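In numbering that gives the first Met the number 0, the protein residues as written are 0 to 360.
See structure below.
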Amino acid sequence: MQQAARTSRYKTLIAGAREKLAFFHDDRFRPITWILAAAALLTVLYWARLAPFSYWVRIPVAPAMAALTSYALFFVFGKLISRYHSGKSLIVELVLSLLMMALLVLDGAGLPLLFWISVALLLLLSYFLGRRNLFALSFSGLTLFVLVYASFLVVDFQKAALVGIYQSYWKSAAEEQIGDYSVKEEAGRVSVTDDSGTTLELSLGAGMHLHTGEEIKVGEGPGRTLLGISQDAKSMDRLPSALLYAALPGMDRQTLRNRTELMLGSLPSETVEDLKKEKEQSLYPPDFPIQMSGSFWTYYDRFQASTLRTGFFVFTLEGKAEAPPRTFVLWILEPLEEGFPFHPRTLELLRSMRRAGQYDS
0 MQQAARTSRY KTLIAGAREK LAFFHDDRFR PITWILAAAA LLTVLYWARL APFSYWVRIP
60 VAPAMAALTS YALFFVFGKL ISRYHSGKSL IVELVLSLLM MALLVLDGAG LPLLFWISVA
120 LLLLLSYFLG RRNLFALSFS GLTLFVLVYA SFLVVDFQKA ALVGIYQSYW KSAAEEQIGD
180 YSVKEEAGRV SVTDDSGTTL ELSLGAGMHL HTGEEIKVGE GPGRTLLGIS QDAKSMDRLP
240 SALLYAALPG MDRQTLRNRT ELMLGSLPSE TVEDLKKEKE QSLYPPDFPI QMSGSFWTYY
300 DRFQASTLRT GFFVFTLEGK AEAPPRTFVL WILEPLEEGF PFHPRTLELL RSMRRAGQYD
360 S
């Protein structure tokens, strides 16, 4: 009796599973169910992709992109199923698949060339050998990959556009609220003075060069660019390098960290990989004349073919007389030195920074 009951229960479970797997059997609402399920999954993926943007950006963008991509997926697959069952030649699908793979090879798509050659051979063999089932399945998988991959490219483009808008806003605010500064160098010592007379001094280490020309104006920063320092006398390309900015009043580590994560998150994956955030850094007297706080990240730069560290220190100098405090940001880019907190040239620069009059005689 128990065995008969167990057998009956198994038959019921199998019948239920078969019923659930009959995806499109005369049920016009079931395609909608699968579209919604795909949209829900893609929403989660896009939500993660849009980090660390704020919720008011991610809430509308992620579901909208997921809905559009899901509809496109089922529209394309519906057309393919219709053509497959009609018995028409699939030459159009073959040409489209070869074009899609050519574009993916040119873009990279994170997969080796040998993989795409194997997929192309599978499609060609299945088509010319008349294996319509295998060809349709292979083309469907390729189409699914292309549509989802293209949607991620669109999301990345949206991220870059949003970062550009943010940077333009920050730059205009900095130009309006930050006063003028003068930069002077004498015997390897650099002084940065604002219109109130508040002066920051620093020393150029051995082999380091000061930049105040157009080479430091490239790109957007957290404020007004004052000077650059690198190991090349003509450009900022030779590392380690540093840029000093006059920042907006009230700028702190958390605000800068959030902005930095936005910008780093928008970098293309073909140039930057293995991006990791390091522990927060803080520098205090007496080893460092000025108290600073900052955040740093490491990543592998494919162009440099090496692991680099980038990040910032933010600090404030009290203004003279009734002048408000001045906030500065030192942006650092350096090769990663194993066993050292920073590159020796960077440490030398950090230890030399102080308010005017604090240099030892």
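Yeah, the Cβ is synthetic: ideal placement off N, Cα and C, and Gly gets one too.
Bear in mind the structure is a predicted one, so any value in this text is a computation, not a measurement.
Simplified DSSP state of residue i, which is helix, strand or coil
i, result
"D193", "strand"
"D106", "helix"
"T309", "strand"
"E234", "Looking at the sequence provided, one finds Ser at residue 234 rather than Glu. In this structure, S234 counts as coil in the three-state DSSP scheme."
"F22", "Residue confidence is low: F22 scores 43 on pLDDT, short of 50, so the model does not pin down where it sits. No coordinate-derived value is stated."
"Q290", "coil"
"G227", "strand"
"R27", "Below a pLDDT of 50, predicted positions are generally treated as unreliable, and R27, at 46, falls in that range; the measurement from the model is reported next regardless. It is coil, neither helix nor strand."
"H210", "strand"
"I331", "strand"
"G178", "coil"
"R301", "coil"
"L282", "strand"
"E277", "coil"
"E347", "helix"
"E337", "coil"
Whole-number beta carbon distance between residue j and residue i, since they are thought to touch under 8 Å
i, j, result
"A172", "L89", "Not really, about 57 Å apart at Cβ, beyond 8 Å."
"L226", "I215", "7 Å"
"S294", "P334", "At roughly 19 Å, the Cβ-Cβ gap does not stay under 8 Å, so S294 and P334 are not in contact."
"L161", "L122", "No, L161 and L122 are not in contact; Cβ-Cβ is about 38 Å, not under 8 Å."
"T42", "P62", "5 Å"
"F394", "L282", "Nothing in the structure corresponds to residue 394, since the chain is present only between 0 and 360."
"L332", "L238", "6 Å"
Exposed unless 16 or more other CB atoms sit within 10 angstroms - verdict on residue i
i, result
"V153", "exposed"
"T345", "buried"
"G77", "exposed"
"D193", "buried"
"S150", "buried"
"L98", "exposed"
"E279", "exposed"
"V191", "buried"
"G163", "exposed"
"W330", "buried"
"A35", "For the record, residue 35 in the displayed sequence is Leu; it is not Ala. With fewer than 16 Cβ atoms within 10 Å of its Cβ, L35 is classed as exposed."
"D25", "Only weak support is given to the placement of D25: the predicted model assigns it a pLDDT of 47, under 50, and the value that follows is read from those uncertain coordinates. Per the 10 Å Cβ criterion, exposed."
"P221", "buried"
"V328", "buried"
"F314", "buried"
"K158", "buried"
Cutoff 7 Å; reference residue i; Cβ partners in own chain excluding five residues on either side
i, result
"E184", "L209"
"V104", "L112 and W115"
"S125", "L133, F134 and S137"
"F144", "none"
"F287", "L349 and R350"
"E336", "H342"
"T224", "I215, K216, L242 and Y244"
Residue from the options whose Cα sits closest to the Cα of residue i
i, options, result
"L40", "G338, V56, T68 and R325", "T68"
"T309", "L242, T254 and P284", "L242"
"S117", "L146, Q166 and S96", "S96"
"K276", "L263, F156 and F287", "L263"
"A355", "S167, M207 and L316", "L316"
"R131", "H84, A101 and S351", "H84"
"A71", "A37, S81, Y54 and L44", "A37"
"V75", "D251, W55, T142 and M250", "T142"
Other residues of its chain near residue i: CB distance less than 8 Å, five sequence neighbours each side excluded
i, result
"D236", "S229"
Chain-order list of residues whose beta-carbon lies under 6 Å from that of residue i (same chain, five-residue window excluded)
i, result
"T375", "Missing from the structure shown is residue 375; the chain here goes from 0 to 360 and no further."
"P119", "Correcting the residue type first, residue 119 is Ala in the shown sequence and not Pro. Around A119: M100."
"A205", "none"
"Q290", "Y283"
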